[in-house]
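Last residue of the sequence shown? That's 300 in my numbering, and every number before it is there in order.
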Amino acid sequence: MNYIITLICTITGFCLATLSCSISNIRIAGENQKSDFSKKDNTLPKNPTLLLGAIKSGILGITAKQWTAAAVGAVLTGFACFKAPGFCADNIQTAKSIVCCELVMSAAIIDFFTKKIPNKLNLTLYIAGVLLLAAEFIFNRGNFPLRLEASLIGAGVGFGFLFIMSLVTKGGMGMGDVKLIGGVGLAFGIAAVIYSLMYGMVICLLAAVVMLITGRKKMKDKIPFCPFFYLGMVLALTIGTF
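Okay, structure coming up:
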C-alpha cells in the first residue's frame, strides 16, 4: 500500500510540477509583453491573442531544464512522503506530507524560474492547513489540542519571524517566502518550520558559496530561497526530524 500511494504521489507531483513550469512560462511571457508595450506607449491592449500566446508559451514552451526540474521534484516529493513519519499509518499525517510537499515543490519551481511565488498558491496552502486542522478535530480529537498549538505557533513563528527578517534585510527574504513558510507552519507545525528552515539555509549557504566561486552569481545577486526551503523540507522528512 505504501508503494502504491508513493507512486500516485510521484505521478501527481510530476503533473503539478509540469503545470508549475507552464505557469512560470506564462508569467515570464506576460511580463515580457507588458515590458514591450510599456516601452511603446505605456498601454497594454486588450487583445485575446496575447493570452493565447502566453498559454502557448507556457504549455509548448517547457524547456529541457524545466522537464528535468519537474522530474526531480516529483521523485524527491514521492521519496520524502514515503520516508515521512506516519506515512500510511496516520491518514492525516499522510495527507499533510503529500499536500505540503507538493505545494511547496510547486512554489519552489515557480520561484526558481520567475523569482516570485504566486499569492494564490500561498492562499491554497493556508486553506489546506485549515482543512487539515478540521480533519484533525473530526477524526483525531485526542491529539487535536497539541496539533492546534503546534500549527498556530508554527504559523506565527514562520510568518512573524521571517517578516521581521524581510524588513531587516530590506527584501532579502521575499514576502512570498514569508507567506509560504507561514502556511507550512499552519499545516505542518512549528517543528516543520524550524528544521526545514535550518536545513534549507545550510543548503542555500553552500550553494551560494559554490555559485560565487564559480562566478555564476555575484554578491549583489538575489537567490530565490523557496527551492532551498523545499530541499530542507525533503531532507527533514527523509531523516525523520519531525
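For glycine and all other residues, C-beta sits at the position ideal for the given N, C-alpha and C.
Worksheet entry | Integer-rounded CB distance, given that F246 should sit under 8 Å from G236 | Reading off the sequence, residue 236 comes out as Val, not Gly. With 8 Å as the limit, V236 and F246 do not qualify as a contact, their Cβ atoms being about 16 Å apart.
Worksheet item: With a Cβ-Cβ cutoff of 8 Å, do I281 and C262 count as a contact?
Response: Contact flag set, yes.
Worksheet entry | D279 classed as buried or exposed, judged by whether at least 16 other C-beta atoms fall within 10 angstroms | Exposed: under 16 other Cβ atoms inside 10 Å.
Worksheet item: Taking the alpha helix (DSSP H) that G240 falls in, what are its first and last residues?
Response: M233 to F246 is the extent of the alpha helix (DSSP H) around G240.
Worksheet item: Using the C-alpha atoms, what's the distance from I66 back to G131?
Response: Taken atom to atom, the span from the alpha-carbon of G131 to that of I66 is near 14 Å.
Worksheet entry | Beta-carbon proximity check, A128 vs T76, cutoff 8 Å | Against a cut-off of 8 Å, the Cβ pair of T76 and A128 comes out as a contact.
Fill in: Whether I167 touches S254 by CB criterion (8 Å)
No, these two residues do not count as a Cβ contact at 8 Å.
Practice prompt. To the nearest angstrom, report how far apart I86 and T126 are at their CA atoms.
Written response: In this structure, the alpha-carbon of I86 lies about 19 Å from that of T126.
Worksheet item: What number of angstroms, rounded off, separates the C-alpha of N83 from the C-alpha of E160?
Response: In this structure, the alpha-carbon of N83 lies about 19 Å from that of E160.
Worksheet entry | Classification of Y61 by the beta-carbon crowding that lies within 10 angstroms, buried from 16 upward | Y61 comes out exposed.
Practice prompt. Quick one: using the 10 Å Cβ neighbour count with 16 as the cut-off for buried, is V226 buried or exposed?
Written response: With fewer than 16 Cβ atoms within 10 Å of its Cβ, V226 is classed as exposed.
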